[in-house]
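Residues in the sequence shown are numbered from 1 upward in steps of one, following the UniProt record's numbering. We put the CB at the ideal spot given by N, CA and C, even for glycine.
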Amino acid sequence: MNSLLPQCIDNLEQKWLNTGSNQIQHYDLILDGGAFSGSYTLGCLVYLKELTSRKRVHIHRISGTSVGSIMGLLLLADKLEYGNILYKQFFKYYKKNGSLSILKKSIRKVVRTFDKDFYLSCNNRLYISYFDCRNNKHITQYMYSSNKDIANTIIKSSFIPFVLDGQFMHKQKYIDGLYPYIFAKCNGTKRMYIDLTHKIWRMLYIKNEVNNSERILEGILDIHHLLFHEQTKNFCSFVDDWNIVHRGYMYTRIFYTDLYVWILKTYICHCSGYIDTTYIKQLWGYILRYVLSSMCV
């Protein structure tokens, strides 16, 4: 990968030179969630990092939810190598235990390695989305008071019910953002969306896998296909190029996601006080972990 990636980008640079597109490309990134599918995103970001180091691309802002927020953080911190480290930790723990309760500790440990004032570079640049189920709100945070605040926000954004620590919600309030905030159109800056729903079945299905190399390579080839051939393949696309079908799909996804969270809010406000759901939660958590563990062997 280390030798083939620069060669792919050499081809892209030559094409840009031949077509007169020799100026720096300006992007806002929008990174979808998807648990272990985040390795596809990691491949895309490795590609973009190489373009950035060659001063061919400038990344202005990053919006992410769940694993997308983690990858966005690592890109801003210039620590993409932690993407593989975290994957190995999550992969090993998930295969053994059928949960991702190690995530909180791992994220906080990584963030502690950053400079104390790192959070300042994330203000107005890193947009992290999560759901406040009690108030039925999709929240996007882009201002932070400390590195710890960033870590806590990422944990909110990455909280998959029952999978992280057996609980329905983080602090009885927050869950995964489910979809990232899409930036408004900005002149001179392209909005690149990395959509992982095309591989949604591989979000938690890692049976027969021993590493994430295939996923990373697929991400690299996908973004290369977008930039070199100017065509969407699986993950990467430019928001401004979406047709009516793609836009309709996104609006539908957001609508049903918001409806799902509204149902959760209704349950919290009107049912939880009258029904003892402790046993139901424990049973559902056990079933879910059993199913997930069968997807890992």
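Check each candidate in the options and name the one with the smallest Cα separation from residue i.
i, options, result
"Leu29", "Tyr251, Asp240 and Ser145", "Asp240"
"Cys44", "Leu226, Ile244 and Asn243", "Leu226"
"Lys92", "Met250, Tyr260, Ile206 and Cys236", "Ile206"
"Leu31", "Leu75, Gln7, Trp242 and Tyr82", "Leu75"
"Gly64", "Arg247, Lys116 and Ile182", "Ile182"
"Asp115", "Ser146, Leu221 and Thr140", "Ser146"
"Ile194", "Asn11, Glu13 and Tyr27", "Tyr27"
"Thr189", "Arg61, Lys15, Asn11 and Ala35", "Arg61"
"Arg191", "Ala35, Leu12 and Gln25", "Gln25"
"Met203", "Ile59, Val163, Lys233 and His58", "Val163"
"Asp117", "Asn136, Tyr144 and Lys233", "Tyr144"
"Lys15", "Tyr251, His229 and Asn243", "His229"
Hey, how far is the Cα of residue i from the Cα of residue j?
i, j, result
"Arg56", "Gln23", "7 angstroms"
"Met71", "Thr19", "32 angstroms"
"Ile9", "Arg134", "47 angstroms"
"residue 299", "Tyr119", "Residue 299 is absent from the structure shown; the chain starts at 1 and stops at 297."
"Val210", "Gln172", "34 angstroms"
"Gln89", "Glu50", "25 angstroms"
"Tyr174", "Leu17", "48 angstroms"
"Ser53", "Pro6", "11 angstroms"
"Tyr179", "Lys185", "18 angstroms"
"Leu48", "Arg253", "27 angstroms"
"Ile220", "Leu86", "19 angstroms"
"Gln231", "Tyr249", "18 angstroms"
"Asp148", "Ile155", "Note on identity: in this sequence residue 148 is Lys, with Asp being the wrong assignment. Rounded to the nearest angstrom, the two C-alpha atoms are 11 angstroms apart."
"Leu73", "Asp132", "21 angstroms"
"Asn243", "Asp222", "19 angstroms"
"Asn11", "Leu259", "45 angstroms"
"Thr257", "Ile59", "28 angstroms"
"Lys233", "Ala35", "21 angstroms"
"Trp201", "Asn208", "14 angstroms"
"Glu81", "Arg125", "21 angstroms"
"Lys96", "Glu13", "44 angstroms"
"Val297", "Ser21", "Its pLDDT being 48, under 50, Val297 is placed unreliably in this model, and the coordinates cannot settle the point."
"Tyr251", "Ser121", "31 angstroms"
Does the distance from the CB of residue i to the CB of residue j come in under 9 angstroms?
i, j, result
"Tyr127", "His138", "no"
"Gly33", "Ser3", "no"
"Asn123", "Tyr94", "no"
"Ala77", "Arg108", "no"
"Lys199", "Phe255", "no"
"His246", "Ser237", "yes"
"Thr197", "Ser69", "no"
"Val46", "Lys79", "no"
"Thr140", "Gly98", "no"
"Asn212", "Asn84", "yes"
Any beta carbon of chain B sitting closer than 9 angstroms to that of residue i?
i, result
"Ile9", "Going by chain labels, chain B is absent from the structure shown, which holds only one protein chain."
CB of residue i to nearest heavy atom of the ligand SAM: below 8 angstroms?
i, result
"Lys92", "As presented, the structure is devoid of all ligands, the ligand SAM included, so that no description of it is given."
**Asked** For the region 156-164 against the region 96-114, are there 3 or more C-beta pairs whose distance is under 8 angstroms?
**Response** yes
**Item:** alpha helix (DSSP H) segments (min. 4 residues) lying fully within the region 196-267
**Value:** 213-229
**Request:** Indicate whether the contact test is met: 3 or more Cβ pairs, each with one atom in the region 38-47 and one in the region 208-221, closer than 8 angstroms.
**Result:** yes
**Message:** Could you check whether the region 252-269 touches the region 162-179, counting it as contact only if at least three pairs of C-beta atoms, one from each stretch, sit closer than 8 angstroms?
**Reply:** yes
**Item:** Sequence ranges, beta strand (DSSP E) only - wholly within the region 135-162, length at least 3
**Value:** Complete beta strand (DSSP E) runs here, min 3: 137-141.
**Asked** Considering only residues of the region 57-119, which uninterrupted beta strand (DSSP E) runs meet the minimum length of 3 residues and lie entirely inside it, listed in chain order?
**Response** 57-65
**Request:** Entirely within the region 8-55 and at least 3 residues each: give me those beta strand (DSSP E) ranges in chain order.
**Result:** 25-31
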